[in-house]
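Asker:
There are 2 protein chains.
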Amino acid sequence: MSEVVEKAKIAKQVCRKLSTTSSEAKNQAILAIAQGLLQNIDVIVAENQKDIDAAIANQTSQSIIDRLILTEARIKDMVEGLEQITQLEDPIGEVLLEKALDSNVLMQKVRVPFGLIGIIYEARPNVTIDAIGLCLKTGNAVLLRGGSNAIHSNTCLVSIVKKALQGTEVSPDAVQLIEGLDRKLVEEMLTLNQYLDLVIPRGGAGLIQMVVQKSTVPVIETGVGNCHLFIDKEAQVSMSIDIAINGKTQRPAVCNSIETILVEQQWARNHLTTLNDALIEQSVKILGCAKTQTLDSRVESATEEDYYTEFLDYIVAMKIVESVDQAIEHIEIYGSRHSEAIITENRENANKFLNEVDAAAVYHNASTRFTDGFQYGFGAEIGISTQKLHARGPMGLPELTSYKYRLYGQGQIRQ
Amino acid sequence: MSEVVEKAKIAKQVCRKLSTTSSEAKNQAILAIAQGLLQNIDVIVAENQKDIDAAIANQTSQSIIDRLILTEARIKDMVEGLEQITQLEDPIGEVLLEKALDSNVLMQKVRVPFGLIGIIYEARPNVTIDAIGLCLKTGNAVLLRGGSNAIHSNTCLVSIVKKALQGTEVSPDAVQLIEGLDRKLVEEMLTLNQYLDLVIPRGGAGLIQMVVQKSTVPVIETGVGNCHLFIDKEAQVSMSIDIAINGKTQRPAVCNSIETILVEQQWARNHLTTLNDALIEQSVKILGCAKTQTLDSRVESATEEDYYTEFLDYIVAMKIVESVDQAIEHIEIYGSRHSEAIITENRENANKFLNEVDAAAVYHNASTRFTDGFQYGFGAEIGISTQKLHARGPMGLPELTSYKYRLYGQGQIRQ
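First to last, the protein sequences are chains C and A. To convert, note that position 134 of the first sequence is 569 in our numbering; the numbers rise steadily by one, no gaps. To convert, note that position 52 of the second sequence is 487 in our numbering; the numbers rise steadily by one, no gaps.
1) Let me see if you follow: with CB-CB separation under 8 Å, is S802 of chain C close to chain A or not?
2) When DSSP builds the beta bridges, which residues end up paired with E775 of chain C?
3) At a CB-CB cut-off below 8 Å, which residues of chain A make contact with L536 of chain C?
4) Within 10 Å of its beta-carbon, does L707 of chain A have 16 or more other beta-carbons around it, so buried, or fewer, so exposed?
5) Does any residue of chain C bring its CB to less than 8 Å from the CB of M513 of chain A?
6) Along the chain, where does the beta strand (DSSP E) containing Y556 of chain C start, and where does it finish?
7) Let's test the definition: count the other Cβ atoms within 10 Å of the Cβ of T779 of chain A and tell me whether it reaches 16, buried, or not, exposed.
8) Quick one: what's T657 of chain C bridged to in DSSP?
9) Please list, in chain order, the residues of the region 680-695 of chain C that have any C-beta partner in chain A closer than 7 Å.
10) When the Cα atoms are used, what is the spatial distance from V480 of chain C to L505 of chain C?
11) Take E745 of chain A and list the residues in its own chain whose beta-carbon comes closer than 8 Å to its own, dropping the five residues that flank it on each side.
12) Could you name the residues of the same chain whose beta carbon sits closer than 8 Å to that of Y749 of chain C, not counting the 5 residues immediately before and after it, in chain order?
13) Buried or exposed, going by whether 16 or more other CB atoms sit within 10 Å of the CB of L578 of chain A?
14) Tell me, please, whether the CB atom of T744 of chain A is closer than 8 Å to any CB atom in chain C?
15) Out of C:D632, C:N790, C:C724, which one is the CA nearest neighbour of I696 of chain C?
16) Which chain A residues are close to Q845 of chain C, counting only those with a beta carbon under 7 Å from its beta carbon?
17) Just the chain C side, please: which residues come within less than 9 Å of V797 of chain A by C-beta, in chain order?
18) Between V605 of chain A and A460 of chain A, which are expected to be in contact by the criterion C-beta below 8 Å, what is the C-beta distance as a whole number of angstroms?
19) Do the CB positions of P829 of chain A and Y811 of chain A come within less than 8 Å of each other?
20) List, from N- to C-terminal side, the alpha helix (DSSP H) runs of 4 residues or more that fit wholly inside the region 469-513 of chain C.
21) Taking 8 Å as the threshold (beta carbon to beta carbon), is F425 of chain A in contact with chain C?
22) Pull up the distance between the alpha-carbon of K649 of chain A and that of A446 of chain C, whole angstroms please.
23) If contacts are defined as beta-carbon pairs under 8 Å, then G574 of chain A and L453 of chain A qualify, I think. What distance do you get, rounded to the angstrom?
24) Check this for me: beta carbons of E775 of chain C and V792 of chain C, under 8 Å apart or not?
25) Which of the three DSSP states is assigned to T695 of chain A in this structure?
26) Report yes if the CB atom of N781 of chain A is closer than 8 Å to the CB atom of E669 of chain A, and no otherwise.
27) In angstroms, rounded to a whole number, what distance separates the CA positions of G471 of chain A and P653 of chain A?
28) So which residues on chain A does I476 of chain C lean against when the C-beta distance must stay under 7 Å?
29) For a contact meaning CB atoms closer than 8 Å, what does N790 of chain C contact in chain A?
30) Which class does P548 of chain C belong to by DSSP, given the choice of helix, strand or coil?
31) Taking Cβ-Cβ distances below 7 Å as the criterion, which residues of the region 816-832 of chain A are in contact with chain C?
32) Which residues bound the beta strand (DSSP E) around I763 of chain A?
33) Using a threshold of 8 Å, state whether the C-beta atoms of D667 of chain A and I777 of chain A are closer than that.
34) Exposed or buried, which one is L627 of chain A when buried takes at least 16 other CB atoms within 10 Å?
35) Along chain C, in chain order, which residues have C-beta atoms closer than 9 Å to that of G550 of chain A?
36) Provide the residue span of the alpha helix (DSSP H) that contains E839 of chain C, from first to last.
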């Protein structure tokens with residue numbers, strides 16, 4: 436039996452018990468994990484150093500090494516994250532609907548865990564702890580597959596977690612990490628319908644697409660954000676600039692940052708250079724259409740491909756459009772259904788944009804950077820869904836649950 | 436461009452408009468379809484006859500021919516179904532959550548259509564009309580792929596639908612039927628992520644499995660029901676028999692009928708032959724474990740495979756179990772997560788069963804035959820989901836929708 440099947444099977448076996456474990460016991464288990472991490476900061480940092488050394492030896496890019504590093508401060512952030520999760524309401528057992536059927540059978544629609552959730556992710560080892568906390572809180576077992584460059588960190592973290600769970604009502608078997616580095620193990624996970632109830636990939640566009648293409652287990656796609664800002668004819672100039680700068684430069688490497696700015700032609704004739712002054716001052720490279728270049732010679736030429744690109748960098752694509760309709764059409768073609776914003780004082784255009792743009796989150800006169808579980812007040816986030824099935828946008832605890840119908844009769848049969 | 440891509444593209448193009456079409460206009464369109472069907476009963480019956488003739492020539496089984504037949508009465512049932520759909524509340528636009536974020540951005544979580552839904556189904560041509568009615572009501576366009584043996588019926592029905600829509604606010608383009616019979620067209624549909632937002636297969640286990648295995652488009656699995664009745668030690672005898680007979684014989688060919696009866700050993704020693712008398716009187720063949728056969732020589736021997744089988748016929752598998760735990764374990768291994776029932780006067784065992792059995796619907800002292808959108812009061816049903824992502828159990832109108840976040844600011848940026 437392969438490592439994947441073996442671990443999935445072990446985890447699945449504890450799902451039934453975990454699904455009925457009390458909120459208090461689940462919280463105690465999560466706090467025990469937090470305690471375990473605090474007591475092992477030195478060990479974690481030492482194991483993490485092995486990953487860093489290997490990454491340096493492999494000439495890994497600095498941005499990936501940055502994500503890989505676990506310092507005492509970052510470990511304490513992980514601990515704080517776990518503590519926050521214990522403060523959140525447990526969604527499991529919530530009665531979503533209750534009614535008597537015609538035959539007087541009492542029906543309850545009740546929130547239940549999925550069962551076993553697979554999480555496939557890349558460099559950042561803090562995802563290991565986040566995912567464990569969120570899955571256990573919602574009564575789910577979890578099968579983790581982290582990036583190969585974080586293997587020492589992840590193995591160490593999961594071993595601390597399993598040890599911490601030993602004294603609790605949550606079985607250490609509920610948390611499993613695939614340690615083998617062969618990529619085929621991921622493909623094996625993706626077809627393990629017998630044990631896995633859900634797979635959530637977290638990472639770059641390549642990973643997400645691979646999972647969507649190969650998985651027969653239900654998937655929630657997350658995180659690819661080719662987000663647009665549309666500056667309409669009647670947009671306030673300073674507001675447009677503030678939101679463009681916030682969306683592009685506050686944290687360029689995250690999925691809710693802006694990748695393309697669409698500018699209404701008349702606004703562009705009057706204010707494009709002012710907008711571009713601000714972008715260029717923030718070291719943003721602008722790649723634009725021919726019309727943009729005519730209005731501002733500092734703009735470099737954009738290719739068709741640029742409009743599809745999630746730069747995740749100080750680069751923005753730009754295009755002049757004739758109307759809100761043309762903006763909506765551009766987003767329909769190039770967008771990734773994540774977050775889209777319109778700046779305008781025209782209420783009709785705003786409503787048209789919010790109604791017709793097909794995305795998880797649509798903004799009027801606000802930054803796309805707000806698309807985030809914590810900003811939305813969910814208190815947690817396992818990822819941001821860009822698909823429409825089950826969950827859309829920031830996913831908190833309820834999005835990690837399913838439901839079942841419980842029916843109570845006194846011998847009723849169907850007529 | 437293939438027929439599938441061409442039709443999907445046409446349908447996708449009207450999604451944006453359809454998503455904002457008023458409830459009144461959508462209802463008028465559905466009533467126009469109903470009117471069109473009523474005016475064309477003779478044409479439909481004549482086209483349907485071609486399918487029947489071909490089925491007879493192909494020596495198709497009588498049960499499939501029964502599902503294929505469209506009589507005046509069945510067409511009027513379809514019309515009535517459409518009229519009922521217009522009476523239901525439109526879920527689109529419902530505000531599911533509204534709150535001000537910390538930054539005073541107003542957030543609304545609003546129900547929206549999926550966009551373009553693919554329905555892949557088998558013999559029954561009434562599904563064509565059901566699916567069109569339910570999809571249009573929820574603002575979704577629909578790409579249909581029916582069984583090849585119903586091609587004349589389906590082509591005729593869709594052509595009537597498209598003609599009826601011409602005078603309405605809903606574009607005839609919103610309804611598309613794949614007419615080509617090549618099976619490769621289905622596979623093409625299943626990887627059309629660019630246009631299709633969701634695929635729902637309706638049919639036998641083979642079709643469902645094929646779709647789950649091959650689709651990269653998100654899927655909702657429906658309808659395979661390997662349902663169990665567990666008769667516990669403290670089960671009332673007459674209630675157990677009534678529910679066994681109702682579950683097995685009221686309509687054996689449907690997914691919520693019972694396929695296996697699990698009997699607690701002590702109850703079995705006292706009452707098994709009485710139960711079996713009733714089953715045999717209803718012409719039910721019983722396939723049982725060795726213990727069952729010892730208690731009742733009329734029981735034939737069951738194979739391991741029988742416990743996995745959805746007989747959809749007057750056949751039931753039977754097994755003696757020692758406890759509610761053993762019943763739950765059997766269901767965990769062999770069940771299809773559809774509907775499961777326990778008969779008992781023991782409240783603790785009932786709760787254990789309802790909490791721990793992992794299925795869409797779990798029943799205490801009631802028949803599994805209640806798992807149905809109409810019985811649950813949803814007023815409609817596109818299918819019964821046996822997966823946990825998005826929808827579980829009977830799917831009504833809300834299950835054919837997604838949601839989006841709309842956010843209204845006054846220039847807020849993220850700090």
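C-beta atoms are modelled at their ideal positions from N, C-alpha and C, and glycine is treated no differently. Quick caveat, the model's predicted, so the values are computed rather than measured.
Answerer: So, from the listed chains and residues:
1) yes
2) C:H663, C:V797
3) F805, Q810, Y811, G812
4) buried
5) no
6) 551-556
7) buried
8) C:S820
9) N681, Q685
10) 6 Å
11) A640, V659, G660, N661, C690, E694, S771
12) K683, T684, P687, Q717, S718, V719, K720
13) buried
14) no
15) C:C724
16) N800
17) K839, Y840, R841, L842
18) 7 Å
19) yes
20) 476-492, 497-503
21) Shown here, chain A extends from 436 to 850; a query on residue 425 of chain A therefore has no answer.
22) 26 Å
23) 5 Å
24) yes
25) strand
26) yes
27) 33 Å
28) Residues of chain A passing the Cβ test: none, with the nearest at roughly 30 Å.
29) S454, T455
30) strand
31) Q822, K823, L824, H825, R827, G828
32) Taken as a continuous stretch (DSSP letters only), I763 of chain A belongs to no beta strand (DSSP E), being part of the alpha helix (DSSP H) at 759-769.
33) yes
34) buried
35) D793, K823
36) Here the sequence assigns Lys to residue 839 of chain C, which means Glu is not the residue at that position. From DSSP, K839 of chain C is part of no alpha helix (DSSP H) but of the beta strand (DSSP E) over 836-847.
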